[in-house]
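**Q** Sharing a structure, written as structure tokens. Questions coming.
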Amino acid sequence: MSVPAALTRGVAAMLDRFCPMHVVIGPTGHVIGGGPTLAKIVAPGPLIGARFLELFELTRPQAVQRMADLRALDGARLRLRLRSWPRYVLKGQLCVLPPGQADGGEGAMVVNLAFGISVVDAVRDFDLSGADFAVTDLATEMLYLLEAKTVAMEESRRLNRRLEGARVAARQEALTDTLTGLRNRRAFDALLARALHEGGAFALLHLDLDFFKQVNDTHGHAAGDLVLRVAARRMLSVVRTQDVIARVGGDEFVILLPGVDTTDAIDTVAGRLVAALEEPVSDGTLRYRVSASIGATLSRDHPGRTPGEIMDAADRALYAAKAAGRGCHRLHAGQGMAPPGGGVVPSRTAHAPDPAEAPRTGSLGDALQDRGTDSARSAPGAQGVAMRSR
Numbered sequence: 131m132s133v134p135a136a137l138t139r140g141v142a143a144m145l146d147r148f149c150p151m152h153v154v155i156g157p158t159g160h161v162i163g164g165g166p167t168l169a170k171i172v173a174p175g176p177l178i179g180a181r182f183l184e185l186f187e188l189t190r191p192q193a194v195q196r197m198a199d200l201r202a203l204d205g206a207r208l209r210l211r212l213r214s215w216p217r218y219v220l221k222g223q224l225c226v227l228p229p230g231q232a233d234g235g236e237g238a239m240v241v242n243l244a245f246g247i248s249v250v251d252a253v254r255d256f257d258l259s260g261a262d263f264a265v266t267d268l269a270t271e272m273l274y275l276l277e278a279k280t281v282a283m284e285e286s287r288r289l290n291r292r293l294e295g296a297r298v299a300a301r302q303e304a305l306t307d308t309l310t311g312l313r314n315r316r317a318f319d320a321l322l323a324r325a326l327h328e329g330g331a332f333a334l335l336h337l338d339l340d341f342f343k344q345v346n347d348t349h350g351h352a353a354g355d356l357v358l359r360v361a362a363r364r365m366l367s368v369v370r371t372q373d374v375i376a377r378v379g380g381d382e383f384v385i386l387l388p389g390v391d392t393t394d395a396i397d398t399v400a401g402r403l404v405a406a407l408e409e410p411v412s413d414g415t416l417r418y419r420v421s422a423s424i425g426a427t428l429s430r431d432h433p434g435r436t437p438g439e440i441m442d443a444a445d446r447a448l449y450a451a452k453a454a455g456r457g458c459h460r461l462h463a464g465q466g467m468a469p470p471g472g473g474v475v476p477s478r479t480a481h482a483p484d485p486a487e488a489p490r491t492g493s494l495g496d497a498l499q500d501r502g503t504d505s506a507r508s509a510p511g512a513q514g515v516a517m518r519s520r
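Following this line, the structure appears as structure tokens:
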């Protein structure tokens, strides 16, 4: 703050308001007054009583060593640097005061200082605010613009994050089957093409739910949707985290098994899938039963083939599994169909029904009805896919 003894009280108050970064230098070169903002900048060291040239280094003009040299710069533009850290560069202008304007006799000077383009950093480093600058100082306008820019940039960043989140969600939705949460055909086509491009070994399984149509047609889409969702969860519980399952049709699924190149591995996975999918699905009132037929092929048996050709091989193997009685899997190996591990993974319901489950109408779907219930047999053609939960 300014010192009333150094300047008249009115002049000191005026300088504090209009030039909050001024410094008053006595004839001996010591600071005898200064503005409130300048006091913040040189803190924690004292401003009053310090030698001006020990607080500031005059970088332009140079070679100023004595107070007489400094007084000779009356009206000149100065470039100074703080000697203490952080060593900010300041601009200034010096004015020699007329005699009687300050204590200490003739030769007192006032230097008004400013940060210039470094004001933004100074506000941060010295914790300054608009109150630390003169109202007419363009620095305040710069601070307001900076604050507005900061708010606008933050809002822009938030908007960009929301847009990016929406893009990611839309991209994910475009690659996801909304009913089951599995990948869809578009996503799977891209993954299969990438697997072929990378050249690693993989197995491809094409799976179809047997007797699903009876469930859907007899009990409605709600029952069919439940079966599909449960089937998706069960398949995910059987495969590894790096494996990919996609729903590519109403009751059709394809499974990509990276790194799998043996028929034994296919036998194991296919057997687990069939066993998991043959377990009844309950909605609390009825239990629905389906099975699964699986066609499989290995990438090693199709060198140089396209994704469509490999899918076609798995598709032919799927139809061979259905022709073999359903509830089983077949492997398309090279030029022909080979029965992996003995060929067929038998289904308990599709191939060896309990006598109590023998169909009354002779349909294969009826052979899947649960034993011990007459109520499930009341509707011909539908008895084999649902029964009341006990």
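FYI, the numbering for the sequence shown is 131 to 520, going by the numbering used here. For glycine and all other residues, C-beta sits at the position ideal for the given N, C-alpha and C.
#1: Does the segment 417–429 come into contact with the segment 394–403, if we say contact requires no fewer than three beta-carbon pairs (one atom in each stretch) closer than 8 Å?
#2: Compare the C-alpha of Gly430 against each of Ala453, Leu335 and Ala331 and name the closest.
#3: Which of helix, strand or coil does DSSP assign to Asp199?
#4: In the DSSP assignment, the beta strand (DSSP E) including Tyr418 goes from what residue to what residue?
#5: Determine the closest residue to Asp413 out of Val378, Ile375 and Val357, with distance taken between C-alpha atoms.
#6: Check the DSSP bridge columns for Gly164 and list the partner residues they point to.
#7: To test your reading of the DSSP string, which unbroken beta strand (DSSP E) runs of 3 or more residues are found completely within the segment 313–358?
#8: How should Met239 be labelled, buried or exposed, when 16 other C-beta atoms within 10 angstroms of its C-beta is the threshold for buried?
#9: In angstroms with no decimal places, state the Cα-to-Cα distance between Thr158 and Pro216.
#10: Taking DSSP as the reference, what is the three-state secondary structure of Ser286?
#11: Tell me which residues share the same chain as Asp204 and place their Cβ nearer than 7 Å to its Cβ, disregarding the 5 neighbours each side in the sequence.
#12: Tell me the rounded alpha-carbon separation between Thr266 and Leu243.
#13: Identify the continuous alpha helix (DSSP H) that holds Thr308 and give its terminal residues.
#14: If we call anything under 9 Å between Cβ atoms a contact, is Leu387 one with Ala333?
#15: Assuming Ala362 and Leu322 form a contact by the criterion Cβ under 8 Å, report the distance between their Cβ atoms to the nearest whole angstrom.
#16: If you drop the 5 nearest sequence neighbours on each side, which residues of the same chain put their C-beta closer than 6 Å to that of Val345?
#17: Are there 16 or more other CB atoms within 10 angstroms of the CB of Leu309, so buried, or fewer, so exposed?
#18: Short of 6 Å in beta carbon distance, which residues of its chain neighbour Pro476, apart from the five on each side in sequence? Order them along the chain.
#19: Pull up the distance between the alpha-carbon of Phe148 and that of Ala264, whole angstroms please.
#20: Mapping the DSSP letters down to three states, classify Ala173 as helix, strand or coil.
#21: As a quick exercise: from Val172, Leu220, Arg201 and Glu187, pick the residue whose alpha carbon is nearest that of Leu156.
#22: Considering just the uninterrupted stretch of the alpha helix (DSSP H) at Ile440, what are its terminal residues?
#23: From the DSSP output, which residues share a beta bridge with Thr189?
#24: I need the straight-line Cα distance from Met272 to Val219, nearest angstrom please.
#25: Between Ala376, Asp251 and Leu208, which lies nearest to Leu183 when the distance is taken from Cα to Cα?
#26: Go to Phe521, then tell me how far its beta strand (DSSP E) extends in each direction, as first and last residue.
#27: Measuring CB to CB, does Ile171 end up less than 9 Å from Phe256?
#28: Alpha carbon to alpha carbon, how far is Ala269 from Leu188? Give it in angstroms, no decimals.
#29: Classify Met283: buried if its beta carbon has 16 or more other beta carbons within 10 angstroms, exposed otherwise.
#30: Sorted by chain position, which residues of the same chain lie with C-beta nearer than 8 Å to Ile440's C-beta, five sequence neighbours on each side aside?
#31: Rounded to whole angstroms, how far is the Cβ of Leu212 from the Cβ of Gly222, which I believe are closer than 8 Å?
#32: Please classify Leu385: does DSSP put it in a helix, a strand, or coil?
#33: So, are the CB atoms of Val404 and Ile385 less than 9 Å apart?
#34: According to DSSP, is Gln302 part of a helix, a strand, or is it coil?
#35: From the DSSP output, which residues share a beta bridge with Leu220?
#36: Report the partner residues of Leu428 according to the DSSP bridge assignment.
**A** The relevant details are as follows:
#1: The answer is yes - the segment 394–403 touches the segment 417–429, with three or more Cβ pairs under 8 Å.
#2: In the sequence shown, the residue the question calls residue 430 occupies position 300. One detail in the question is off: residue 430 reads as Arg in this sequence, not Gly. Of Ala453, Leu335 and Ala331, the smallest CA-CA separation from Arg430 is found for Ala331.
#3: Here residue 199 is taken as the residue at index 69 of the sequence shown, counted from 1. Of the three classes helix, strand and coil, the one that applies to Asp199 here is helix, per DSSP.
#4: On the sequence shown, position 288 is the one that residue 418 refers to. Tyr418 -> beta strand (DSSP E) spans Leu416 to Tyr418.
#5: Here residue 413 refers to the residue found at position 283 when the sequence shown is read from its first residue. Looking from the CA of Asp413, the closest CA among Val378, Ile375 and Val357 belongs to Val357.
#6: Your numbering for residue 164 matches position 34 in the sequence shown. The partner list for Gly164 (beta bridge, DSSP) reads Val153.
#7: 332–340, all fully within the segment 313–358.
#8: The sequence position of residue 239 within the sequence shown is 109, counting from 1. By the neighbour-count criterion, in which 16 or more other beta carbons inside 10 Å mark a residue as buried, Met239 falls on the buried side.
#9: Along the sequence shown, one-based indexing puts residue 158 at 28. Along the sequence shown, one-based indexing puts residue 216 at 86. So the two alpha carbons sit approximately 27 Å from each other.
#10: Residue numbering aside, residue 286 sits at position 156 when the sequence shown is read from its first letter. Here Ser286 sits in helix by DSSP.
#11: Within the sequence shown, numbered from 1, the residue matching residue 204 stands at position 74. Closer than 7 Å at the Cβ level, and outside the excluded window around Asp204, lie Leu224, Cys225 and Val226.
#12: Position 136 of the sequence shown, counted from the start, is the residue given in the question as residue 266. Position 113 of the sequence shown, counted from the start, is the residue given in the question as residue 243. C-alpha of Thr266 to C-alpha of Leu243: approximately 14 Å in a straight line.
#13: Position 178 of the sequence shown holds residue 308. No alpha helix (DSSP H) contains Thr308, which DSSP labels as neither H nor E.
#14: The sequence position of residue 387 within the sequence shown is 257, counting from 1. The sequence position of residue 333 within the sequence shown is 203, counting from 1. Cβ distance < 9 Å, so Leu387 and Ala333 count as in contact.
#15: Residue 362 sits at position 232 when you count from the first residue of the sequence shown. Residue 322 sits at position 192 when you count from the first residue of the sequence shown. At roughly 19 Å, the Cβ-Cβ gap does not stay under 8 Å, so Ala362 and Leu322 are not in contact.
#16: As a first step, residue 345 is located in the sequence shown; it is residue number 215 there, counting from the start. For Val345, where only same-chain residues beyond five positions count, the Cβ hits under 6 Å are Ala353, Gly354, Val357, Tyr418 and Val515.
#17: Along the sequence shown, one-based indexing puts residue 309 at 179. It is exposed - the Cβ of Leu309 has fewer than 16 other Cβ atoms within 10 Å.
#18: Stepping through the sequence shown from its first residue, residue 476 is reached at position 346. Low per-residue confidence applies at Pro476: pLDDT is 38, beneath 50, and the placement is therefore not dependable, though the value from the model is reported in the following sentence. There are no such residues.
#19: Position 18 of the sequence shown, counting from 1, holds the residue named residue 148. Position 134 of the sequence shown, counting from 1, holds the residue named residue 264. In a straight line, the C-alpha of Phe148 is about 5 Å away from that of Ala264.
#20: The residue you call residue 173 lines up with position 43 of the sequence shown. Correct three-state label for Ala173: coil.
#21: Looking up residue 156 in the sequence shown gives position 26. The amino acid occupying residue 156 in the given sequence is Gly; Leu does not appear at that position. Checking every option, the nearest Cα to that of Gly156 belongs to Arg201.
#22: Residue mapping note: residue 440 aligns to position 310 of the sequence shown, counting from 1. In this chain, the alpha helix (DSSP H) harbouring Ile440 covers Pro437 to Ala453.
#23: Within the sequence shown, numbered from 1, the residue matching residue 189 stands at position 59. Bridge partners of Thr189: none, in fact.
#24: Here residue 272 corresponds to residue number 142 of the sequence shown, with the count starting at 1. Here residue 219 corresponds to residue number 89 of the sequence shown, with the count starting at 1. Near 18 Å, if we compare the C-alpha coordinates of Val219 and Met272.
#25: One-based indexing of the sequence shown puts residue 183 at position 53. Taking Leu183 as reference, the option from Ala376, Asp251 and Leu208 with the minimal CA-CA separation is Leu208.
#26: A query on residue 521 cannot be resolved here, the shown segment of the chain reaching from 131 to 520 and no further.
#27: Translated into the one-based positions of the sequence shown, residue 171 becomes position 41. Translated into the one-based positions of the sequence shown, residue 256 becomes position 126. Contact flag set, yes.
#28: As a position in the sequence shown, residue 188 is number 58, starting the count at 1. As a position in the sequence shown, residue 269 is number 139, starting the count at 1. Note on geometry: alpha-carbon atoms of Leu188 and Ala269 lie some 23 Å from one another.
#29: Taking the first residue of the sequence shown as position 1, residue 283 is located at position 153. By the neighbour-count rule (16 or more Cβ atoms within 10 Å), Met283 is not buried but exposed.
#30: The residue given as residue 440 occupies position 310 in the sequence shown. A distance below 8 Å between beta-carbons, with the five flanking residues on each side excluded, links Ile440 to the following residues of its chain, in chain order: Leu322, Leu326, Leu334, Thr427, Ser429 and His432.
#31: Position 82 of the sequence shown, counted from the start, is the residue given in the question as residue 212. Position 92 of the sequence shown, counted from the start, is the residue given in the question as residue 222. Taking 8 Å as the upper bound for CB-CB distance, Leu212 and Gly222 are not in contact here, some 12 Å apart.
#32: As a first step, residue 385 must be located in the sequence shown, where it is residue number 255. The sequence shown places Ile at residue 385, rather than the Leu named in the question. Ile385: strand per DSSP, three-state reduction.
#33: Here residue 404 corresponds to residue number 274 of the sequence shown, with the count starting at 1. Here residue 385 corresponds to residue number 255 of the sequence shown, with the count starting at 1. The beta carbons of Val404 and Ile385 sit no closer together than 9 Å.
#34: Taking the first residue of the sequence shown as position 1, residue 302 is located at position 172. For Gln302, the secondary structure class from DSSP, reduced to helix, strand or coil, is helix.
#35: For the purposes of this step, residue 220 is taken as the residue at position 90 of the sequence shown. Paired residues: Leu210.
#36: Here the question's residue 428 lines up with position 298 in the sequence shown. For Leu428, which the question treats as bridged, DSSP gives the partners Ala333.
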